[in-house]
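Worksheet for the structure shown next.
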Amino acid sequence: MAITLKVLPWLYRSKTNAEGKTPIYLRMTCGNMRVEVATGYFIKESEWNTRSHTVNSKAPQARQINEHLQALRSKAFQLYNQLVAQEKPFTLAVIKNKLTGKDKNQTTLLNAIQYHNELVKKGIGRNYAIGTYKGYLWFTDKIKSFLMYQYKRSDILLAELNHRFLTEFEHYLYHHLNNQVNTVQKNITQLRKIINLCIDLDWLDKMPFKRIKARPYTPKRDYLTKEELETIQNIEISNKRLCTIRDKFIFQCYTGVAFIDLNNLTASNVVKGIDGEDWLILNRQKTKSRSTVPLLPIPKALINKYRDETRETLFPICSNQKFNCYLKEISLLLKINKRITTHTGRRTFATSVTLSNGVPIETVSRMLGHCDLKTTAIYAKVVDTKVSKDMERLKHELDGTDIKKARNGSS
-14 MAITLKVLPW LYRSKTNAEG KTPIYLRMTC GNMRVEVATG YFIKESEWNT
36 RSHTVNSKAP QARQINEHLQ ALRSKAFQLY NQLVAQEKPF TLAVIKNKLT
86 GKDKNQTTLL NAIQYHNELV KKGIGRNYAI GTYKGYLWFT DKIKSFLMYQ
136 YKRSDILLAE LNHRFLTEFE HYLYHHLNNQ VNTVQKNITQ LRKIINLCID
186 LDWLDKMPFK RIKARPYTPK RDYLTKEELE TIQNIEISNK RLCTIRDKFI
236 FQCYTGVAFI DLNNLTASNV VKGIDGEDWL ILNRQKTKSR STVPLLPIPK
286 ALINKYRDET RETLFPICSN QKFNCYLKEI SLLLKINKRI TTHTGRRTFA
336 TSVTLSNGVP IETVSRMLGH CDLKTTAIYA KVVDTKVSKD MERLKHELDG
386 TDIKKARNGS S
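Residue 99 in our numbering is what sits at position 114 of the sequence shown, and the numbering runs on without skipping anything.
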């Protein structure tokens, strides 16, 4: 059964003024949506006909008020029918704003996104990274393409947003752009952030979406085992380009440095630590948090190998895209059936190099530059060999203490 619009004039009795007059409102309902519109007229309660929802004919200005109420009702139905015929997503707030003339200067979604993006752009280098800004630019392009694909429009008023818009946008991301779950949920989170900004700026009265909640999942994150890491380290690579990429990746595996920070490393990041040995100390570009990593022999040897007085950075710089592309070549060359990327090196450090060798997760978190142990836990998957070693040690301790005590007590 089709949902239709209902428009009913009524007295807003709780707003009766000091003169004893009550304002006349127009209540519009459609399904579970409802809004009230002030007509600007006040009458005494005794002048109102509750059956016909009109002003009694003997009341002052009765004809004028009733004609105005009828005109508002007719216009409301006309606007509703237009929106339904155009198959545009809308709320009753859209009709209300058109009735009251407030829709002429209303903010659109793309205007709101542009305003938000400018704030992010101004914060680059302080509270935002350049990657965050680029992410919102990609999100903007998706919104533009969605509006044209779904509604054949270049923009949409904020007042027109409803849960149907969110549902169709999510469906578009999954089935038209073929985005993965975490990409879609990231876009939904970005939309929610911008809508919340609109509410804070009084561009919207309330959240137009129901149950807008990101539901990311934790995908399988590959890391290299000790044997795979040794294989990559020891293989002879004649191609100078691939050899450089391999060495930078190995450096990541033994330091946990993220790709962007790896590109930015200079000699000033290598300092003497509290133990008198060489440490790698830096502030991560992504989070601005401090990362401190005592340098093991292998990364120290790589720094010396690529030492170049004419270059400011410790290693030659390349783009993230090329780095991952070359790593794919290396994995195919070694026949390693894993998706190896720059993140793999960071996870390998957290898992195979540190945690598997008994380094506490708190220490690993400090070296990775994490602000929360929960973040470290995502990278630091405890491998089966570590579990086996821990349980073997536990069994040994039980054999030497508790079991003997139990035997002595039973004899």
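Ideal Cβ positions, reconstructed from N, Cα and C, are used throughout, including at glycine.
- Using a Cβ-Cβ distance cut-off of 8 angstroms, the stretch 89 to 98 and the stretch 141 to 152 are in contact, since at least three pairs of beta carbons, one from each stretch, lie closer than that value.
- Tyr121 and Ile217 have their C-alpha atoms spaced approximately 37 angstroms apart.
- Burial state of Tyr311 is buried, judged by a 10 Å Cβ sphere holding 16 or more other Cβ atoms.
- Across the structure, Asn322 and Lys273 are spaced so that their CA atoms are roughly 34 angstroms apart.
- About 5 angstroms separates the Cβ atoms of Phe244 and Asn305, confirming a contact at the 8 angstroms cut-off.
- Cβ-Cβ separation between Val20 and Leu77: approximately 4 angstroms, consistent with a contact (criterion under 8 angstroms).
- Boundaries for Val344: no beta strand (DSSP E) harbours it, and the DSSP string shows neither H nor E there.
- Exposure of Val166 is indicated by the presence of fewer than 16 other C-beta atoms within 10 angstroms of its C-beta.
- Counting C-beta pairs with one atom in each stretch, the stretch 287 to 294 and the stretch 322 to 339 have fewer than three that are closer than 8 angstroms, which means they do not touch.
- According to the DSSP assignment, Thr277 belongs to the beta strand (DSSP E) that extends over Arg275 to Pro279.
- The alpha helix (DSSP H) runs lying completely inside the stretch 93 to 120 and spanning 4 residues or more are 94 to 107, given in chain order.
- Only residues of its own chain outside the window of five on either side were considered, and among them Tyr10, Arg12 and His38 have a CB closer than 7 angstroms to the CB of Trp(-5), listed in chain order.
- Here the C-alpha atom of Gln91 lies approximately 16 angstroms from the C-alpha atom of Asn147.
- Here Thr35 is exposed: its Cβ has fewer than 16 other Cβ atoms, across all protein chains shown, within 10 Å.
- Cβ-Cβ distances below 7 angstroms link Val338 to Cys238 and Tyr239 in the same chain, with the five nearest sequence neighbours on each side left out; the list follows chain order.
- The Cβ neighbour count for Glu221, taken over all protein chains shown within 10 Å, is under 16; the residue is labelled exposed.
- Contact between the stretch 226 to 233 and the stretch 207 to 215 is absent: fewer than three C-beta pairs spanning the two stretches fall below 8 angstroms.
- Judged by beta-carbon spacing, Leu214 lies within the 8 angstroms limit of Thr333, meaning their Cβ atoms are closer than that value.
- For Leu247, the enclosing alpha helix (DSSP H) has its first and last residue at Phe244 to Asn249.
- For Lys0, the three-state secondary structure derived from DSSP is helix.
- Going by DSSP, Asp185 is part of the alpha helix (DSSP H) stretching over Val166 to Asp185.
- Segment contact: the stretch 108 to 125 against the stretch 153 to 170, fewer than three CB-CB distances shorter than 8 angstroms; contact not assigned.
- Taking Tyr26 as the centre and dropping the five residues before and after it, the same chain places the C-beta of Ile9 and Ile50 closer than 6 angstroms to its C-beta, in chain order.
- An exposed status is given to Trp123, since fewer than 16 other beta-carbon atoms sit within 10 Å of its beta-carbon.
- Counting along the chain, Tyr10 sits inside the beta strand (DSSP E) bounded by residues Lys6 to Cys15.
- Of the candidates Ile180, Pro345, Arg231 and Ala286, Arg231 places its Cα closest to the Cα of Leu318.
- A direct Cα-to-Cα measurement between Lys380 and Ser341 gives close to 19 angstroms.
- Here the stretch 279 to 288 lies against the stretch 263 to 270, with 3 or more beta-carbon pairs under 8 angstroms apart.
- The residues Asp263, in chain order, have a CB closer than 7 angstroms to that of Lys285 in the same chain once the five nearest residues on each side in sequence are set aside.
- The shortest CA-to-CA distance from Pro45 to any of Asn17, Lys6 and Ser59 is the one to Lys6.
- A residue is called buried when at least 16 other Cβ atoms come within 10 angstroms of its Cβ; Lys127 meets this threshold and is buried.
- The alpha-carbon of Thr251 is positioned some 10 angstroms away from that of Leu267.
- Straight-line measurement puts the Cα of Asp187 at about 14 angstroms from the Cα of Lys178.
- Counting along the chain, Val255 sits inside the beta strand (DSSP E) bounded by residues Val255 to Lys257.
- At the C-beta level, Lys(-9) and Thr24 stay beyond 8 angstroms of one another.
- Around the beta carbon of Val256, a 10 Å sphere encloses fewer than 16 other beta carbons of the protein chains shown; the residue is thus reported as exposed.
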